[in-house]
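Residue numbers (numbering that gives the first Met the number 0), protein chains in the order written: chain A, 0 to 239; chain B, 0 to 622. Yeah, the Cβ is synthetic: ideal placement off N, Cα and C, and Gly gets one too. A short worksheet on the structure shown next.
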Amino acid sequence: MSKETEFTFVIDGVEITARQGQTIMEAADEAGVYIPRLCDHEGLRHQGSCRVCTVKADGRSVAACTQPAAIGQVVESETPHITKLRRDLVEMLFHEGNHLCPICEASGNCELQAMAYRLDMTATTKFPYLEPSRAVDATHADIALDTNRCISCGRCIRASQDVDHKGVFGYVGRGIHRRVAVNGHDLAHTNAAVSDDAISAGTCPVGCIIRKGVGFSTPIGEREFDKGLIGHEIEGKRGE
Amino acid sequence: MSEEAEDVDFPACELPQVSHADVAAICEMFGNDRHRMLDILRALQDKYRCVSPHIMTIVAQQTGLTRVAVEGVATFYSFLSLSPKGRVTIRLCDDIVDRFCGLAEVTAVFEAELGIKVGQTSHDGAYSLEYTPCIGMCDQAPAAMINDVVLTKLTVERAREIARALKAGKTPETIVSERFADLSAHEQANHMVDNNIRHAGASLLGPVPDNAGLNKALDLSPAQIIETIEASGLRGCGGAGFTTGKKWKFAASEPAEKRFVFCNADEGEPGTFKDRVLLTERPHLLVEGMTIAARAVGAKEGIIYLRGEYVYLRPLLEQVLSERRENGLLGPSIMGVDGFDFHLRIQMGAGAYICGEEGALISSCEGLPGEPKTRPPFPVNRGYLGFPTVVNNVETFCHAARILDKGAKWFFDMGSDGSHGTKLFSVSGDCLNPGVYELPYGLELREFLEMVGGKNAAAVQVGGPSGTMIGRDSFNRKLSFDDLATGGAIIVFGPERNILEIVDYYMSFFVHESCGYCTPCRVGNVFLQKAIAKFRKGLANPQDIDYLKDLSATIMETSRCGLGMTSPRPILTTLENFPLIYSALAKPSKDRVRSTFDIQSAIDDARKLAQRRSYIYDKDFSQ
Chain A
0 MSKETEFTFV IDGVEITARQ GQTIMEAADE AGVYIPRLCD HEGLRHQGSC RVCTVKADGR
60 SVAACTQPAA IGQVVESETP HITKLRRDLV EMLFHEGNHL CPICEASGNC ELQAMAYRLD
120 MTATTKFPYL EPSRAVDATH ADIALDTNRC ISCGRCIRAS QDVDHKGVFG YVGRGIHRRV
180 AVNGHDLAHT NAAVSDDAIS AGTCPVGCII RKGVGFSTPI GEREFDKGLI GHEIEGKRGE
Chain B
0 MSEEAEDVDF PACELPQVSH ADVAAICEMF GNDRHRMLDI LRALQDKYRC VSPHIMTIVA
60 QQTGLTRVAV EGVATFYSFL SLSPKGRVTI RLCDDIVDRF CGLAEVTAVF EAELGIKVGQ
120 TSHDGAYSLE YTPCIGMCDQ APAAMINDVV LTKLTVERAR EIARALKAGK TPETIVSERF
180 ADLSAHEQAN HMVDNNIRHA GASLLGPVPD NAGLNKALDL SPAQIIETIE ASGLRGCGGA
240 GFTTGKKWKF AASEPAEKRF VFCNADEGEP GTFKDRVLLT ERPHLLVEGM TIAARAVGAK
300 EGIIYLRGEY VYLRPLLEQV LSERRENGLL GPSIMGVDGF DFHLRIQMGA GAYICGEEGA
360 LISSCEGLPG EPKTRPPFPV NRGYLGFPTV VNNVETFCHA ARILDKGAKW FFDMGSDGSH
420 GTKLFSVSGD CLNPGVYELP YGLELREFLE MVGGKNAAAV QVGGPSGTMI GRDSFNRKLS
480 FDDLATGGAI IVFGPERNIL EIVDYYMSFF VHESCGYCTP CRVGNVFLQK AIAKFRKGLA
540 NPQDIDYLKD LSATIMETSR CGLGMTSPRP ILTTLENFPL IYSALAKPSK DRVRSTFDIQ
600 SAIDDARKLA QRRSYIYDKD FSQ
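See the structure below:
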């Protein structure tokens with residue numbers, strides 16, 4: 000990429016180099032500045048729905064994953080105000096679904112849980128629990144689906160559509176009734192395969208898509224976020 | 000909520016016999032085009048009274064989509080359903096104004112006469128009865144849609160008459176008028192719905208010469224048309240108030256192979272119905288304005304997005320379009336000018352308030368669920384199918400046509416600083432003369448209330464639920480963009496009304512209408528509504544007032560579109576203007592007992608599970 004299309008802007012006092020057409024988050028990731036996010040995932044198109052990546056760009060609150068970076072822009076990310084907004088959003092997701100970490104196979108690998116730690120969600124939460132009770136879909140030989148733990152990030156939908164070219168998943172319904180559904184009566188009646196990108200570890204950020212037969216093969220304590228806070232890999236790039 | 004009733008897996012009545020060929024034929028009518036998905040599903044819903052899983056599978060095959068993608072559209076719009084609706088579907092308008100005008104009594108009559116409850120379909124498949132949010136008839140509430148027909152000013156007697164006529168086999172059309180079929184489209188609309196024009200202003204509701212603006216536009220270059228609109232000071236009349244000339248200029252200057260001009264006739268803000276009157280009485284002016292816009296920005300195609308609730312106006316609008324085509328005012332070479340082509344069609348909505356948001360409106364026209372689009376890019380740069388698209392409100396286009404005829408200065412000189420020209424106001428609620436008023440901007444609310452016979456008002460909702468609720472101490476405020484901005488809704492509430500009941504209703508409206516795309520709007524609004532319910536039950540703490548403010552701030556700051564950015568406003572503006580209502584209901588915690596904790600409802604689940612009552616908490620317990 001030619002130097003002419005490069006420009007700089009600032010996130011929390013750190014100068015970031017960006018190229019024309021990059022979003023704030025893309026440029027930040029390359030520079031080793033981590034902006035918290037849940038619905039965004041490397042290799043998938045941006046959706047901008049969880050709003051956890053909300054930043055203030057020149058005083059205006061925007062989603063960093065979809066907002067283009069601009070020359071000289073001043074971005075606030077990890078300020079007490081923004082962190083509080085993000086914590087509210089993460090709490091909303093915890094209360095919208097059933098997230099019982101101690102009994103969930105994803106504990107330790109779960110981005111929602113890890114985000115709560117990163118955002119210091121340690122006090123008693125204030126929202127009411129919505130307690131969904133949707134049936135678990137365990138019809139598929141290799142995959143189970145517990146949408147009560149879904150956070151509507153849509154990563155499986157985009158992975159299945161754009162990477163696997165299958166379209167196994169999709170959103171149905173509206174508002175609080177909006178949920179991820181499968182392209183058939185149940186998962187067994189779709190062409191989902193455990194080798195799909197949509198099913199692979201890391202696509203589902205929580206314990207909604209479960210690969211059968213591999214549960215607990217990595218013991219608690221040796222899991223992804225036992226090694227460090229979520230975002231540590233991106234932050235590790237800084238100063239390299 | 001009615002959705003819960005629709006969520007049941009088993010159909011209320013038999014699934015229709017569906018022939019693959021018939022469904023495929025309907026898809027083919029729309030070229031098997033996935034962008035016409037809403038038309039396809041609407042047509043199927045009309046034919047089979049549902050879009051069943053089997054039907055969705057065929058549609059998916061025809062359009063080359065996955066079935067779950069089709070299901071995503073079918074489950075988004077309120078007027079589409081997976082299980083069969085009755086041959087006659089009665090949708091009672093469940094706006095707060097209807098509730099205050101006797102909706103409960105009218106509902107009871109329909110329930111008793113038809114033998115079904117709201118949310119149900121009769122077992123013989125004859126009737127469905129449901130509630131629907133504001134259908135744009137607040138000036139003649141309570142109102143209802145019966146299939147595609149609208150009936151207003153319902154009373155207990157009238158409701159009984161209607162229900163019995165339906166049972167006697169009369170069609171909804173013949174209930175409106177025995178000679179319905181012989182009436183012109185305009186007469187049909189006027190038989191169903193009154194215009195209630197109370198005050199005609201200089202621009203829209205007074206006498207308007209035919210095509211005078213379009214004639215003058217022909218002598219101007221596209222750039223000159225845009226200059227005229229910019230100089231007039233015209234701002235969008237749908238509520239957001241963006242400068243119209245600028246919008247046109249942006250779209251015109253974006254390099255593109257084609258451009259589009261869309262009319263937003265998805266008037267869904269509760270209490271707003273002024274576009275209904277323009278669509279009925281000034282449809283030619285609207286199309287004239289759109290044609291001028293098309294010339295200005297270089298668009299050859301356009302869409303009028305008509306809300307599903309206004310389907311009764313469709314025949315009238317179709318007739319206007321074909322008349323204009325016949326007269327060379329629409330289609331190829333308009334008024335004989337080579338290369339001045341503009342093709343216009345109507346896109347019906349299907350019951351989704353969010354489609355009034357321009358990105359969502361475009362999504363809906365593309366055959367998708369009505370979800371707002373990521374901005375940037377803005378619709379004027381990359382809108383419908385990725386092409387620059389101008390989306391303006393009905394009233395905005397009508398004004399534009401008038402400005403071309405009368406000149407920018409004429410419009411600019413009306414109104415007040417920053418708010419030029421006249422504005423249509425939809426007035427409803429507790430006043431003597433509900434209806435539509437065309438007045439210059441800048442009028443003081445107090446004067447306005449005198450004009451509409453609402454001097455007794457205790458509270459006024461300006462701009463609908465996403466606007467501002469004000470009390471008597473603020474009636475000196477002015478109706479303009481700089482003070483009380485409004486897309487047109489003025490809802491008057493008398494001293495006998497319960498403010499929290501109104502707020503509760505508006506929050507339930509936003510919960511129902513949120514598209515669910517982003518977290519804060521989808522989830523946060525549900526929490527707000529639950530918190531208001533706590534206040535209404537007398538279970539709130541003083542800290543809950545801070546909770547409301549805090550949660551509202553998060554929702555407004557992090558939401559993705561205008562819905563979530565404004566949905567907490569019923570709460571915030573009443574907290575600001577009627578603070579005592581909240582403080583009077585909030586009780587401090589007593590020693591070690593949280594007054595917010597309701598032991599009776601807390602143990603209710605346990606009672607049901609144990610199938611017995613509590614020794615301790617049920618005082619009358621005996622075995």
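First and last residue of the beta strand (DSSP E) that includes residue i?
{"i": "TYR436/B", "result": "434–439"}
{"i": "TYR116/A", "result": "TYR116/A -> not in any beta strand (DSSP E); alpha helix (DSSP H) instead, spanning 110–117."}
{"i": "LEU150/B", "result": "148–150"}
{"i": "ALA211/B", "result": "No beta strand (DSSP E) holds ALA211/B; the alpha helix (DSSP H) holding it covers 211–217."}
Check whether the Cβ of residue i lies closer than 8 Å to any Cβ atom in chain B.
{"i": "ALA115/A", "result": "no"}
{"i": "ILE219/A", "result": "no"}
{"i": "SER60/A", "result": "yes"}
{"i": "ARG18/A", "result": "no"}
{"i": "CYS49/A", "result": "yes"}
{"i": "ILE34/A", "result": "no"}
{"i": "ARG133/A", "result": "no"}
{"i": "ILE233/A", "result": "no"}
{"i": "ASP57/A", "result": "no"}
{"i": "GLY174/A", "result": "yes"}
Would the beta-carbon of residue i fall within 8 Å of that of residue j?
{"i": "CYS262/B", "j": "GLU394/B", "result": "no"}
{"i": "VAL74/A", "j": "VAL54/A", "result": "yes"}
{"i": "GLY145/A", "j": "ASP196/A", "result": "Correcting the residue identity first, residue 145/A is Asp in this sequence and not Gly. No, the Cβ-Cβ distance between ASP145/A and ASP196/A is not below 8 Å."}
{"i": "GLU70/B", "j": "GLY166/A", "result": "no"}
{"i": "MET144/B", "j": "GLU268/B", "result": "no"}
{"i": "CYS203/A", "j": "ARG157/A", "result": "no"}
Using the rule of at least 16 other Cβ atoms within 10 Å of the residue's Cβ for burial, across every protein chain shown, is residue i buried or exposed?
{"i": "TYR614/B", "result": "exposed"}
{"i": "ALA147/A", "result": "Residue identity differs from the one stated: residue 147/A is Asn in this sequence, not Ala. Buried, since its Cβ has 16 or more Cβ neighbours within 10 Å."}
{"i": "ILE598/B", "result": "exposed"}
{"i": "LEU228/A", "result": "exposed"}
{"i": "ILE15/A", "result": "buried"}
{"i": "TYR47/B", "result": "buried"}
{"i": "HIS419/B", "result": "buried"}
I want to verify the contact list: residues of chain A whose CB lies under 8 Å from the CB of residue i, in sequence order.
{"i": "PHE526/B", "result": "MET91, HIS94, PHE126, PRO127"}
{"i": "GLU70/B", "result": "GLY169, VAL171, ALA180"}
Can you confirm whether residue i, when its beta carbon is compared against all beta carbons of chain A, has any partner nearer than 8 Å?
{"i": "VAL522/B", "result": "yes"}
{"i": "THR565/B", "result": "no"}
{"i": "PHE259/B", "result": "no"}
{"i": "ARG496/B", "result": "no"}
{"i": "GLU556/B", "result": "yes"}
{"i": "GLN622/B", "result": "Its pLDDT being 47, under 50, GLN622/B is placed unreliably by the model, and nothing is read from it."}
{"i": "ILE602/B", "result": "no"}
{"i": "VAL491/B", "result": "no"}
{"i": "PRO10/B", "result": "Confidence in PRO10/B is poor, its pLDDT being 46 and thus under 50, which makes the residue's placement unreliable; the coordinate value appears in the next sentence. Not closer than 8 Å to any Cβ of chain A, the Cβ of PRO10/B fails to qualify, so no."}
{"i": "HIS511/B", "result": "yes"}
{"i": "PHE508/B", "result": "no"}
For a contact defined as C-beta to C-beta under 9 Å, what are the partners of residue i on chain A?
{"i": "PRO375/B", "result": "THR65, GLN66, PRO67"}
{"i": "HIS34/B", "result": "Result: empty, since nearest Cβ-Cβ is about 17 Å, beyond 9 Å."}
Please list the partners that residue i has in chain B, where partner means a Cβ-to-Cβ separation under 7 Å.
{"i": "ILE229/A", "result": "Neighbours of ILE229/A on chain B: none; closest Cβ ~17 Å, over 7 Å."}
{"i": "THR53/A", "result": "THR557"}
{"i": "ARG177/A", "result": "GLY515, ARG521"}
Can you name the residues of chain A whose CB is closer than 7 Å to the CB of residue i?
{"i": "LYS529/B", "result": "PRO127"}
So which residues on chain B does residue i lean against when the C-beta distance must stay under 8 Å?
{"i": "THR123/A", "result": "Those do not exist, as THR123/A stays about 13 Å from chain B at its closest Cβ, beyond 8 Å."}
At which residues does the alpha helix (DSSP H) containing residue i begin and terminate?
{"i": "CYS26/B", "result": "19–28"}
{"i": "ALA359/B", "result": "357–364"}
{"i": "ILE161/B", "result": "155–166"}
{"i": "MET36/B", "result": "36–47"}
{"i": "ASN189/B", "result": "184–191"}
{"i": "PHE168/A", "result": "It is not in any alpha helix (DSSP H) - PHE168/A instead sits in the beta strand (DSSP E) that spans 168–171."}
{"i": "THR227/B", "result": "221–231"}
Anything in chain B within Cβ reach of residue i, meaning under 9 Å, just list it in chain order.
{"i": "ASP323/A", "result": "Examination of residue 323/A is not possible in this model, given that chain A is present from 0 through 239 alone."}
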